[in-house]
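A.B. asks:
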Ligand SMILES: *Cc1c(COP(=O)(O)O)cnc(C)c1O
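In the working numbering, the protein residues as written are 3 to 392.
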């Protein structure tokens with residue numbers, strides 16, 4: 003389908019194929035393998051002479067429909083999907099890294115991604131340098147002739163630091179390295195990092211794309227050449243997404259833009275409310291006009307996103323009290339859901355980091371993270387207000 007269509011149309015119409023039954027919704031092909039009429043047909047499929055499906059670990063029509071739709075939304079040639087966001091990040095990194103290579107990584111990463119890089123990938127002779135996502139001079143200084151990949155998330159979670167994608171793409175490409183961006187916090191509805199020079203984008207589809215906290219999934223999007231290599235790695239490692247989850251994510255994509263529109267508006271309103279609250283010190287949200295990187299945000303993101311970080315006055319105990327007192331917000335670490343969620347990063351999402359690392363990353367004991375959902379914003383404000391004791 004033409005990519006001149008608007009995103010909201012693509013989110014509903016792209017990648018649709020129906021069977022001879024002409025079903026209106028996308029069919030769910032819950033099958034592990036596919037059969038052939040003849041041995042010759044099988045041979046042609048396996049040798050790549052003809053196109054078709056053989057085995058779901060390799061490819062499946064429902065997963066392919068989701069991949070086509072999200073590739074168009076992300077502005078990429080192709081997409082491949084895995085069992086979770088972590089599986090997608092694993093595939094994107096390990097397809098292009100071998101022993102002796104160097105990886106430069108932002109130090110503001112989702113906790114499990116940090117664990118994957120620090121404790122797993124590091125075991126295979128890959129050298130890793132950690133840098134601040136916003137310091138171009140640190141990225142530049144870490145480059146060597148062995149650098150293969152630059153990896154980051156933008157904006158960072160939950161402090162909303164934004165990395166300059168065009169500048170980082172230039173640094174990566176001058177070194178012959180790939181720029182891989184985890185775009186989960188924006189989703190394709192808010193940002194398309196491929197347009198700013200990223201080589202690969204990864205999404206945890208578990209978050210905004212599903213949007214209803216039902217299934218896990220992850221997607222890598224990029225050029226056909228790079229995706230061909232990831233396909234080989236995905237098939238060999240069996241990281242593949244389940245067709246049922248792809249089918250669920252297809253319906254998630256249909257409302258993604260509409261949900262993000264409203265959730266971002268709710269988040270901006272709540273962030274401004276918090277900023278004026280006497281019990282609150284600092285509020286982090288990328289919708290603020292006086293955000294130190296406001297110009298970059300306006301260039302790279304359609305909206306400010308749905309994640310808010312805020313520091314309450316007092317101690318960790320005061321932060322915990324707010325979390326314990328909310329009545330509408332769910333106490334859970336998930337984000338991107340239609341239901342608003344609240345958590346204490348210091349002891350949950352960032353709990354495994356050393357206190358020095360947390361300090362360096364700006365994660366304080368008094369910090370609370372909200373993922374703002376689709377409820378009426380006045381109810382959310384009233385809930386936070388009573389929890390803060392006002
Ligand atoms: C949740 C998340 C992941 C991991 O995704 P899963 O689907 O939970 O494996 C990766 N990156 C970011 C930014 C996330 O928020």
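Ideal placement from N, C-alpha and C gives every residue a C-beta, glycine not left out. Bear in mind the structure is a predicted one, so any value in this text is a computation, not a measurement.
(1) Which value, in whole angstroms, describes the spacing of the CA atoms of residue 223 and residue 78?
(2) Could you give the first and the last residue of the continuous beta strand (DSSP E) run that contains residue 128?
(3) Measure the C-alpha to C-alpha separation of residue 131 and residue 30 and round it to an integer number of angstroms.
(4) CB residue 58 to CB residue 34, shorter than 7 Å?
(5) Could you tell me which residues DSSP pairs with residue 84 in its beta bridges?
(6) Shorter than 6 Å, the distance from the beta carbon of residue 218 to the closest heavy atom of ligand 1, or not?
(7) For residue 203 versus residue 227, is the C-beta spacing smaller than 7 Å?
(8) Provide the residue(s) that pair with residue 31 in DSSP beta bridges, ordered along the chain.
(9) Taking the DSSP output, what are the residues bridged to residue 371?
(10) Express the C-alpha separation of residue 110 and residue 63 in angstroms, rounding to a whole number.
(11) Using a Cβ-based criterion (distance less than 6 Å to any ligand heavy atom), does residue 212 qualify as near ligand 1?
(12) Which residues in the same chain as residue 44 place their Cβ atom closer than 7 Å to its Cβ, once the five residues preceding and following it in sequence are excluded?
(13) Can residue 310 and residue 269 be called in contact, C-beta distance under 7 Å?
(14) Could you check whether residue 192 and residue 304 sit closer than 7 Å to each other, using their CB atoms as the reference points?
(15) Taking just the CA atoms, how far does residue 36 sit from residue 51?
(16) Which residues bound the beta strand (DSSP E) around residue 138?
(17) Using the Cα positions of residue 84 and residue 372, report the straight-line distance between them to the nearest angstrom.
(18) Whose CA, out of 87, 366 and 348, lies closest to the CA of residue 212?
(19) Give the DSSP-derived three-state secondary structure of residue 69 in the structure shown.
(20) Thinking C-beta only, is residue 284 closer than 7 Å to residue 313?
(21) Sort 48, 94, 244 and 136 by Cα distance to residue 119 and report the nearest one.
(22) Whole angstroms are fine: how far does the CA of residue 290 sit from the CA of residue 91?
(23) Mind checking whether the beta-carbon of residue 163 lies closer than 6 Å to any heavy atom of ligand 1?
(24) Taking only heavy atoms of ligand 1 into account, decide whether any of them is closer than 6 Å to the Cβ of residue 88.
(25) With which residues is residue 182 paired in a DSSP beta bridge?
(26) Between 188, 215, 181 and 190, which has its C-alpha nearest residue 201's C-alpha?
(27) Can residue 2 and residue 195 be called in contact, C-beta distance under 7 Å?
(28) Counting only the same chain and skipping the five closest in sequence on each side, list residues whose C-beta sits under 6 Å from that of residue 80.
(29) From this set, 358, 340 and 198, which residue's C-alpha is nearest residue 348's C-alpha?
(30) Whole angstroms are fine: how far does the CA of residue 237 sit from the CA of residue 288?
(31) Starting from residue 104, trace the beta strand (DSSP E) both ways and give me its first and last residue.
(32) With DSSP run on the structure shown, which of helix, strand or coil describes residue 250?
(33) Might you give, ordered along the chain, the residues of its own chain that have their beta carbon closer than 8 Å to the beta carbon of residue 383, omitting 5 neighbours on each side?
(34) Using a 10 Å radius around the Cβ and a threshold of 16 neighbouring Cβ atoms, would you call residue 28 buried or exposed?
(35) DSSP beta-bridge partners for residue 52?
C.D. replies: For this structure:
(1) Using only the alpha carbons, I get a separation of about 6 Å.
(2) Premise fails: residue 128 is in no beta strand (DSSP E) and is neither H nor E.
(3) If you take the alpha carbons of residue 131 and residue 30, they lie about 43 Å apart.
(4) Yes, these two residues count as a Cβ contact at 7 Å.
(5) Looking at the DSSP output, residue 84 sits in a beta bridge with 220 and 242.
(6) At a threshold of 6 Å, residue 218 counts as near ligand 1, since its beta carbon sits closer than that to one of the ligand's heavy atoms.
(7) No, they are not a contact pair.
(8) Under DSSP, residue 31 forms no beta bridge with any residue.
(9) In the DSSP secondary-structure assignment, residue 371 is bridged to 311 and 345.
(10) Just so you know, the alpha carbons of residue 63 and residue 110 end up roughly 36 Å apart.
(11) Checking every heavy atom of ligand 1 against the Cβ of residue 212, none is found closer than 6 Å.
(12) So the list reads 38, once near-sequence residues are dropped.
(13) The answer is yes: Cβ separation under 7 Å.
(14) Going by C-beta atoms, residue 304 is nearer than 7 Å to residue 192.
(15) Straight-line measurement puts the Cα of residue 36 at about 17 Å from the Cα of residue 51.
(16) Segment 138-144 is the alpha helix (DSSP H) holding residue 138; no beta strand (DSSP E) there.
(17) For the pair residue 84 and residue 372, the Cα-to-Cα distance works out to about 27 Å.
(18) Checking every option, the nearest Cα to that of residue 212 belongs to 87.
(19) In the three-state DSSP reduction, residue 69 falls in the helix class (H, G or I).
(20) Against a cut-off of 7 Å, the Cβ pair of residue 284 and residue 313 comes out as a contact.
(21) Ranking 48, 94, 244 and 136 by Cα distance to residue 119 puts 94 first.
(22) Answer to the nearest angstrom: the Cα atoms are 30 Å apart.
(23) Residue 163: no, Cβ never under 6 Å from ligand 1.
(24) Answer for residue 88: yes, Cβ within range of ligand 1.
(25) According to DSSP, residue 182 bridges with 153 and 202.
(26) With respect to the C-alpha of residue 201, the residue from 188, 215, 181 and 190 having the closest C-alpha is 181.
(27) In the structure as shown, the chain starts at 3 and stops at 392, and residue 2 therefore has no counterpart that could be examined.
(28) Around residue 80: 73, 226 and 229.
(29) Looking at the Cα atoms, 358 is the closest of the given residues.
(30) Each residue's CA atom was taken as its position, placing residue 288 and residue 237 some 38 Å apart.
(31) 104-108 is the extent of the beta strand (DSSP E) around residue 104.
(32) Helix, per DSSP.
(33) Within the same chain, 271, 272 and 275 come within 8 Å of residue 383 by CB-CB distance, once the 5 residues on both sides are set aside.
(34) By the neighbour-count criterion, in which 16 or more other beta carbons inside 10 Å mark a residue as buried, residue 28 falls on the buried side.
(35) Paired residues: none, contrary to the question.
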